[in-house]
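Chains as they are written, first to last, in my numbering: chain A, 2 to 294; chain B, 4 to 404; chain C, 626 to 877; chain D, 626 to 877; chain E, 695 to 952.
We treat Cβ as the ideally placed atom computed from N, Cα and C, and that holds for glycine.
As the structure is a computational prediction, the values presented were derived from the model and not from experiment.
What follows is a set of notes on a single structure, which appears directly below.
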Amino acid sequence: MQAIKRKKQQEKIIEGFFLVCAFVAVVSVLAITAFVFYNGLKPFISNSYPLWNFLSGVEWRPGSNMYGIFYMIVGSVFATLGAILIGVPIAILTAVFISEMAGSRVGKIIRFAVELLAGIPSVLYGVFGLGIIVPYVLKISPMAQGESLLSTILVLAIMILPTVVSISETSISVVPKAYREGSYALGASKIQTIFKVVLPAARSGIMTGVILGIGRAIGETMAVMLVCGNPIAGIPTSLFDQVRPLTTNIALEMGYASGVHQELLYSTGVVLFIFIMLINLIVNKLVKAKVGS
Amino acid sequence: MSRSIKDLFVKGIIYLATGITLSVLLFIIGFIFVQGIGLVNWDFLTRDFNEKVGYAFTEAKDVPLSIDEEKLNDINSLDNRYETALEGPIYIENIGAAISKVAYKNHSTEREQIVVTYLEKDSSLQSAIDSTGVEIKIGPDYMLQSINGKDFTDLSLDEVAETIAAQSGELKIKIVQPGGGIKSNIITTLYMVLLSLLVALPVGIFGAIYLTEYAKPGKLVNIIRFAAESLAGIPSIIFGLFGMAFFVVALNFQISLISGSLTVAVILLPVIIRSTEEALKTVPMAFREGSLALGATKLQTIFKVVLPCAVPGIATAVLLSIGRVVGESAALLLTAGTVAQIPGTLFSPGSTLTVQAYYVAKEEGNIELACAVGIVIIVIVIVLNILSRITSDKLDVFNKK
Amino acid sequence: MNRNIKFNAKNLDLYYGDFQALKSINMEIRENEVTAFIGPSGCGKSTFLRCLNRMNDLIDSVKIKGEILFDEKDINGDIDVINLRTRVGMVFQSPNPFPMSIYENIAYGPKCQGMKDKSKLDAIVKESLMKAALWDEVKDRLNKSALGMSGGQQQRLCIARTIAMNPEVILMDEPTSALDPIATAKIEDLMSSLKKDYTIIIVTHSMQQAGRISDKTAFFLMGEVIEFNETPIIFTNPNDKRTEDYITGRFG
Amino acid sequence: MNRNIKFNAKNLDLYYGDFQALKSINMEIRENEVTAFIGPSGCGKSTFLRCLNRMNDLIDSVKIKGEILFDEKDINGDIDVINLRTRVGMVFQSPNPFPMSIYENIAYGPKCQGMKDKSKLDAIVKESLMKAALWDEVKDRLNKSALGMSGGQQQRLCIARTIAMNPEVILMDEPTSALDPIATAKIEDLMSSLKKDYTIIIVTHSMQQAGRISDKTAFFLMGEVIEFNETPIIFTNPNDKRTEDYITGRFG
Amino acid sequence: GCGSSGSTTATTSDAISGEINGGGSTSVLKVIDAAGSEFTALNPEVKFTYSGTGSSDGIKGATAGTYSFGCASRDLKTEEKGSLTELVFAFDGIAVVVNPANTVTNLTTEQVQKIYMGEITNWSEVGGADAPIVVVSREDGSGTRGAFEEMVKFEEKLKPDATIKEGNGNVQSTVAGNENSIGYVSLTFVDKTVKAIDIDGVKATVDNVKNKTYKISRPFLAMYDKSKVDDATLAFLDFLMTKDGQAIVEEHGGISVL
Ligand SMILES: Nc1ncnc2c1ncn2[C@@H]1O[C@H](COP(=O)(O)OP(=O)(O)OP(=O)(O)O)[C@@H](O)[C@H]1O
Ligand SMILES: Nc1ncnc2c1ncn2[C@@H]1O[C@H](COP(=O)(O)OP(=O)(O)OP(=O)(O)O)[C@@H](O)[C@H]1O
Ligand SMILES: [Mg+2]
Ligand SMILES: [Mg+2]
Ligand SMILES: O=P([O-])([O-])[O-]
């Protein structure tokens, strides 16, 4: 009896500990969110800068009190979309290759390589972009500089590979064998089995990977900063135009800014936050809609 | 048959995608190696980034040369990347050391210098102390700049040797420990990985366990999950600002190792929570049922069945986290600083390898150096990956057979 | 034949979300008897069985009304679920061995109870495997993964795992459906011998089996208990037309 | 009674790593017959069954020697596995519906074959579910997930899924072990009616079932085929002592 | 407190101790790091660190007290001054750089201004090849950019499609990588991958900045809050202004204030 009681107590204590961890995690997650929103909404609430001008403006000149981010939003959306369109399919297919088609040794090697890719700091991706991608883009570009939307998309697409590949690969590999057996026994080919049974069964995990990958694409700063050009105005109209994604705007100037300028950089963060929240919602909806039941 | 053609086509696309992934990887790694490998050597790994000036106090005592001239004159010991021999060496008995004049060069300077190229076992330099009485370890490659107030600048090697030989009794020598290496950055990086994982892993994993296994699924949990996912897209510089406002200023931790690692831990939390949750969700219900039906408590079920099954997924999260810590720059810039020194305490600043690479790329435009640092980072990531794989395989009792 | 009432279900309703899977079940299950649940597929046998050790707690959509008394205490009330499950063991419809070694699978329950003594554990493992008619087949590969066993072996392993807990009640959801006649006979023998000390509740699709081993039989149909009585009565002289139809195979 | 030989196993050995699970199996299985495999748990029935549609390809540790001819071609040789599996359908020992809707589960096979016509698919789904005695229970929830069904329903779904493929041979690994007698009777009826057009191979633990439905019966023991003969002979006048012992329950 | 009292002897024995953590402008980093190293050699009890986070951050840090002293590579704006005490410890030239392949070697201040404002867009307009000019500038708030815009007189009129790069190094790498580009970097950072061009016929050298013939230069500032500063920091700043200290400034590319 005593022992049972002690065990129960122990159980409660550890559950309490889990709760504390969850609490810390949740609080820190919420605190960041609150911090960003608090600082970012201040200028509009105190009316030190009109929200509409902020959202619709197409020029960013802090010195002349011009803080328009519309052209950056456009740039961010294009860059992210482009990176997803190129990066996500490649990543998922690579994950499929690793877990379904490669032998266990080859799979291990590729997995290792992909993890390595995740470990390379973004600064180096930037340096790589500046050293290889930008000059190459310059060669085919009608513009005089290689810093462009295209370079940004390419660098980002590369950078989301590791996240999406590793998480997708993990969730594909835990799909029960019985599903595969069932599918093969119905005369499905390997490819059909993969695309009709395995991938749908792993959907939730893959989506997590995609969302985290998109998160990385949207949130990436250091690499992008070197290859995007960061102009102070101009809505991109071609792949070869320079862009200034929201993130680099924040990172470029945060060290220097103060007052309204700084607050509006936080506001830029809020826009980013809302941006990814929307994507998140859409992706979640898509997943749910597909699962049916 | 059209199906097999279709399959073949899709297969081709899969191979192509994998090929692209791999060639991108090879290309990037190749780029980094080609650019950086020229700078990587033992000295690069073991020297500090900045030169360190100091005054060494010791006493002159005659120590005769005990190795033969030929060996002495063999100056292969010089690292030609940093020091190229110009004159010398000359052996000086009263400090028991041979000196040479070299062209000295590191990431920030290029100049002529007198360096120690050989030290006798009981050379007086071996027993030097600083002005507070702490022993200074003078080694080969250390630069000598003045002795008892007599500056060596603009003197020839012979003149320097004469000047030194003329001294007796107390010696006060201005020495410079050579720079150009990244030892302190390597150590800071390891500290940073260790500290931030130490905080983020338990909090993240146990937090995720709470959210999936204990918390009633509902609005609140969904909101948290949603916030966590959305945070993944917030640029780390914003976390850096938060860390700056909270850890550095509000908690008064200063710009330091601890502020940096706590900030990174906060960055890692969303990733760890989401991946762990996902891993836990894939554990079949039948295992939980089986365990509970055997009278196991919820906790026992979690630790003995659920977690071990989830090990591969959690390991992925850990690997991604390590990558993230090692690769973080923006947030650390604001919370841990850019000081290339080994942090003495948790509350000292320090710069990780990535911050250093970022700095040299940004300020000095020194791509080779940035890539050299990159090579070291890649090696560290490989080692950490292997270590965590081994650990996870050890823990992964279930997938063994 | 006036044994203690072990389980007493009173007006039990169970819903999966909106779907009512059990409708006002009333049943007294007595100690040291074997009670069999029969009925067509999907009628709620497994669902009711899982109520008895609160396994349905794990399914979020489940809502329960009414009460189930176990030794006169309401198991949905303020009781220790772990303790309940230790006393009421369960073998599931599809075998669910843990992805560990055979030995570890069986030692799992006792270990969870805090048993550490290696020699005692060895003894329990051996004894349970023998009782479940599995010892001879696996004695040389106790340390191999349980997932590499045949379906029937896995099922017997799950039975052994439950026996190792030494519970008061054993719930079995079609425990022999994957077994050959010999293994089935062994398990049935085991049940008969366990009956002295334990209470056994078994879901089965085999009338013969129910007839052979059970003292009482409950016939389920679409979430209701149509008839619950001494087994011989159910099989020879049922009160309800539907029971008779089912038993004689004239159903549906 | 001289039907074509559908499968012809010659000196088939199968190893799981070092463990030999099948020992020199020789067996001729004829068209339009029902062949039953019986034998104690773990004797290799499922393993042999899985050889017939190369399901064992999926297990890395498996090594196979000897040959199996299907319509006189060695299935381990240079043949199209997909085609083989389309012609040789399989129902597994534990039900393994896909995590999709009931409808999608059944339409899966035909869709993989390239069928796109919605009305044809609808018809196939309905017909297969009817044949598998599941239509009435699920006709209102065809678009619900298959994972929310009872064990027996899931098993019948898997049978329906296989029927929908319209294969030449159907391999069934204890297809009725999770079913109630009525559903079982329906499946058995189904088998008898399918027999005209199909070849059926079934693993079963029920002697009665084997007796009722099969034309030939093979008795497995520890990886060997002890006896393979007309079912009546096996059950009334076996050649081998061990078969007799097993049939009469005097075994082990 | 500009003029230093001169003679902090190298043999100070009444040991100064404490922790100095400075931060701010990245342009001053080389100079300050070297000076800090020398200072700690003289005073082994002192721990010295400096974080290069940008001029504005240095000002903020000095005001908030998170830094013992802050550094900026531009003059303070009036609203930034607050309670800060400033100390100009060096000057620095800003070199206008082009790709080594560029044939242009000399520009007038006005030409530079027009290029940066977008009025001149082709190298042929200033005597070079017929190629578009790619204008590279620094991020808004950078001390270097602030000083450059002020001196070349195009404040807030930077052409909208100029490429913005963070840090002297990135500007240099960009100019080195694009034949048609023009940029500007702190004189302390110019290396051989780019070509510094003459402004109004004057070479961008330390000497020319010193004798005031090269006009594009700015101060390096250190600042601290009198009420928060400690002795070790003051001693360091004093040392910076000594002959020895200024020698270090010169050695690392800065221009002495003495
Ligand atoms: N998790 C669930 N969610 C929703 N409905 C369920 C769930 N589990 C079972 N059901 C439904 O509840 C009813 C009873 O199911 P139960 O598993 O108790 O049947 P059973 O009598 O055990 O059948 P079988 O003999 O086939 O195992 C069935 O109609 C089934 O579809
Ligand atoms: N994947 C595997 N790895 C190793 N051994 C296996 C594997 N699958 C089956 N075995 C072994 O091979 C033997 C035959 O197994 P099989 O599944 O064919 O038996 P079975 O006759 O179908 O039994 P049951 O009636 O219990 O399903 C058993 O001893 C089993 O333990
Ligand atoms: Mg059931
Ligand atoms: Mg089997
Ligand atoms: O970093 P800055 O010196 O340009 O402010």
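Against chain B, with Cβ distances strictly below 8 Å, would residue i count as a contact?
i               : result
Y810 of chain E : no
With residue i as the anchor, note down where its beta strand (DSSP E) starts and where it stops.
i               : result
S77 of chain A  : Element bounds for S77 of chain A: not the beta strand (DSSP E) but the alpha helix (DSSP H), F71 to V97.
T743 of chain E : V740 to G746
Quick one: grab the DSSP three-state call for residue i.
i               : result
G691 of chain C : strand
S707 of chain E : For S707 of chain E, the predicted model reports a pLDDT of 47, less than 50, meaning its position is unreliable and no value from the coordinates is stated.
K635 of chain D : strand
M223 of chain A : helix
T801 of chain D : coil
V30 of chain A  : helix
G293 of chain A : Note that G293 of chain A has pLDDT 41, beneath the 50 cutoff, so the model's placement of it is unreliable and the number below is only indicative. Here G293 of chain A sits in coil by DSSP.
Residue i: buried (16+ other C-beta within 10 angstroms of its C-beta) or exposed?
i               : result
P735 of chain D : buried
E697 of chain D : exposed
Y39 of chain A  : exposed
E852 of chain C : buried
F644 of chain C : exposed
T797 of chain E : exposed
A253 of chain B : exposed
I1 of chain A   : The first residue shown for chain A is 2 and the last is 294, placing residue 1 of chain A beyond what the model contains.
V943 of chain E : buried
M680 of chain C : buried
D727 of chain E : buried
R710 of chain C : buried
Compare the C-beta of residue i against all C-beta atoms of chain D and say whether one is closer than 8 Å.
i               : result
P800 of chain C : no
R50 of chain B  : no
S395 of chain B : no
K286 of chain A : no
One question on the structure: do residue i and residue j come within less than 8 Å of each other, judged by their Cβ atoms?
i               : j               : result
I383 of chain B : V329 of chain B : yes
T829 of chain C : E799 of chain C : yes
Y58 of chain B  : E86 of chain B  : no
G184 of chain B : T357 of chain B : no
G764 of chain E : G718 of chain E : yes
I93 of chain B  : A164 of chain B : yes
T61 of chain B  : S130 of chain B : yes
I788 of chain D : A757 of chain D : yes
Nearest chain C C-beta to residue i closer than 8 Å, yes or no?
i               : result
I807 of chain D : yes
E371 of chain B : no
V309 of chain B : no
R291 of chain B : yes
Does any CB atom of chain A fall closer than 8 Å to the CB of residue i?
i               : result
D824 of chain E : no
Does the beta-carbon of residue i, which I'm using as the reference point, lie nearer than 7 Å to any heavy atom of ligand 6?
i               : result
A646 of chain C : Ligands in the displayed structure: ligand 1, ligand 2, ligand 3, ligand 4 and ligand 5; ligand 6 is not one of them.
Would you mind reading off the limits of the alpha helix (DSSP H) that contains residue i?
i               : result
N225 of chain B : K222 to L234
### Task
Identify each residue in the segment 770 to 791 of chain E for which the Cβ-Cβ distance to at least one residue of chain G is less than 9 Å, and report them in chain order.
Included in the structure are the protein chains A, B, C, D and E, with no chain G among them.
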